[in-house]
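Worksheet: one structure, shown below.
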Amino acid sequence: MSLTPPPRHVPNRSGPLPEVHWSGITHVGRVRPNNEDVFLALTVDAHEVRYLGKTGHASLAGGDFVFAVSDGMGGAQSGEFASRCTVDRITRIFPKVFRLAASGKGVEFADVLNDLFTQIHNDLLKLGYSYEECAGMGATLSLGWFTPQWMYFAHVGDSRIYHLPQDGHLCQLTHDHSHVGWLRRKGSINEREARTHPRRNALQQALGAGHQFMEPHIGGVALRPNDRFLICSDGLIDGLWDRQIEELLRTPPPAGADSARSHAQHLVEESLLNSGRDNTTAVVVELAAPPPPAAP
40 MSLTPPPRHV PNRSGPLPEV HWSGITHVGR VRPNNEDVFL ALTVDAHEVR YLGKTGHASL
100 AGGDFVFAVS DGMGGAQSGE FASRCTVDRI TRIFPKVFRL AASGKGVEFA DVLNDLFTQI
160 HNDLLKLGYS YEECAGMGAT LSLGWFTPQW MYFAHVGDSR IYHLPQDGHL CQLTHDHSHV
220 GWLRRKGSIN EREARTHPRR NALQQALGAG HQFMEPHIGG VALRPNDRFL ICSDGLIDGL
280 WDRQIEELLR TPPPAGADSA RSHAQHLVEE SLLNSGRDNT TAVVVELAAP PPPAAP
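Residue numbers (this note's numbering): 40 to 335.
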């Protein structure tokens, strides 16, 4: 459930904390010549930011985690450049954001994440105005910040963040910033009608792209063991219905396989089988209960 994020306080990382299992996979698809999708996986503390591998697991005791997906747009290679600029800006800006949020002053997450998105948006606009080859370039961005108690998210565009609790149904946390997304949210059209609507790819908001108005969708989810999150580009959605996503996320992985890795790979593979018309990216994050204390 999406909630208003509470102020951030310095967390107590001395007790047992859940483990984060993650995997990120991107594929160019079966039609497009280049991949304008980019995903990002970071761990950050008060001292540094570190890139994570495509798959892995670690405890939240060592720091927070950031996962993001960006889908670029623009002529020639500028869409690819825009998405890569977007995740590069996150890497540069986020350590400052973390230090501010961890200062113990009750920083509002909505303000912090809004400032982060605004800086990226302004950077892309400046590049678009300054260089002819970058004119009109932009990007979507869906970002999840995992702390010991909460996952805070910020989002612009039509990439998505989904939440699948252990004892509930799949929920799309983010709002598609399009007229079709608005129609779907207010119940005027259903999922099938949204997928075939002629304006389904027309965005009302994006980072850069000449948009003067940009207001990210920001919220948070209280974390519980066995929660699963999916951050994905619209290419994945083009090949999968929501019910299929839920089924694939719930399907147990093969014996000995990492759950998050198997789910991300399976989602992308199934989407490509059904569509593959666009670049396709999935990042799956799972919260595992902390391991039991060692026997004395």
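Glycine residues also receive a C-beta, built at the ideal position from the N, C-alpha and C atoms.
From the DSSP secondary-structure annotation, give me the bridge partner or partners of residue 253. Position 214 of the sequence shown, counted from the start, is the residue given in the question as residue 253. In the DSSP output, where bridge partners are listed per residue, residue 253 has none listed.
Using the three-state DSSP reduction, which class does residue 267 fall into: helix, strand or coil? Counting from 1 along the sequence shown, the entry for residue 267 is found at position 228. DSSP places residue 267 in strand when its eight states are reduced to three.
Unbroken alpha helix (DSSP H) run spanning residue 151, endpoints: Position 112 of the sequence shown, counting from 1, holds the residue named residue 151. Start and end: 148-169.
By DSSP's criteria, residue 243 is part of a beta bridge. Which residues make up the other side? Working through the sequence shown from its first residue, we reach residue 243 at position 204. DSSP, once it has assigned bridges, lists no residue as partnering residue 243.
8 Å contact criterion, which residue 318 and residue 76 should meet: CB distance rounded: What you label residue 318 is simply residue 279 of the sequence shown in a count that begins at 1. What you label residue 76 is simply residue 37 of the sequence shown in a count that begins at 1. Contact holds; Cβ gap of about 4 Å.
Please classify residue 87 as buried or exposed, where buried requires at least 16 other C-beta atoms within 10 Å of its C-beta. Counted from its first residue, the sequence shown places residue 87 at position 48. Residue 87 is exposed by the Cβ-count criterion.
Identify which residue in 156, 167, 154 has its Cα closest to the Cα of residue 120. Residue numbering aside, residue 120 sits at position 81 when the sequence shown is read from its first letter. Here the closest residue by C-alpha is 167.
Start-to-end residues for the alpha helix (DSSP H) that takes in residue 230: By 1-based counting over the sequence shown, the position of residue 230 is 191. First-last of the alpha helix (DSSP H) with residue 230: 230-235.
Pick from 267, 174, 255, 162 that is closest to residue 289, judged by C-alpha positions: As a first step, residue 289 is located in the sequence shown; it is residue number 250 there, counting from the start. Comparing Cα positions, the closest option is 267.
Between the stretch 150-164 and the stretch 189-206, are three or more C-beta pairs nearer than 8 Å? yes
Neighbourhood of residue 59 by C-beta distance below 7 Å, restricted to the same chain and skipping five residues each side: Locating residue 59 in the sequence shown gives position 20, where the first residue counts as 1. Here the set comprises 96, 97, 99, 104, 185, 324, 326.
Between the C-alpha atoms of residue 255 and residue 156, what's the straight-line distance to the nearest angstrom? For this step, residue 255 is matched to residue 216 along the sequence shown. For this step, residue 156 is matched to residue 117 along the sequence shown. Straight-line Cα distance between these residues: approximately 7 Å.
At 3 residues or longer, what runs of the beta strand (DSSP E) sit wholly inside the stretch 99-131? 103-112
Can you have a look at residue 208 and say buried or exposed, based on whether 16 or more other CB atoms are within 10 angstroms of its CB? As a position in the sequence shown, residue 208 is number 169, starting the count at 1. Counting Cβ neighbours within 10 Å, residue 208 comes out exposed, since fewer than 16 surround it.
Given a cut-off of 7 Å on the beta-carbon distance, is the pair residue 301 and residue 279 in contact? Locating residue 301 in the sequence shown gives position 262, counting from the first residue. Locating residue 279 in the sequence shown gives position 240, counting from the first residue. Their beta carbons are not under 7 Å apart, which means residue 301 does not touch residue 279 by this criterion.
How many Å lie between residue 285 and residue 277 at the Cα? Along the sequence shown, one-based indexing puts residue 285 at 246. Along the sequence shown, one-based indexing puts residue 277 at 238. Spanning the two alpha carbons is a distance of roughly 15 Å.
The beta strand (DSSP E) with residue 76 in it runs from where to where? Position 37 of the sequence shown holds residue 76. Segment 76-83, the beta strand (DSSP E) holding residue 76.
Residues that DSSP places opposite residue 177 in a beta bridge: Locating residue 177 in the sequence shown gives position 138, counting from the first residue. In DSSP, residue 177 forms a bridge with 112, 247.
Run through DSSP, which three-state label would residue 217 get? Looking up residue 217 in the sequence shown gives position 178. In this structure, residue 217 counts as strand in the three-state DSSP scheme.
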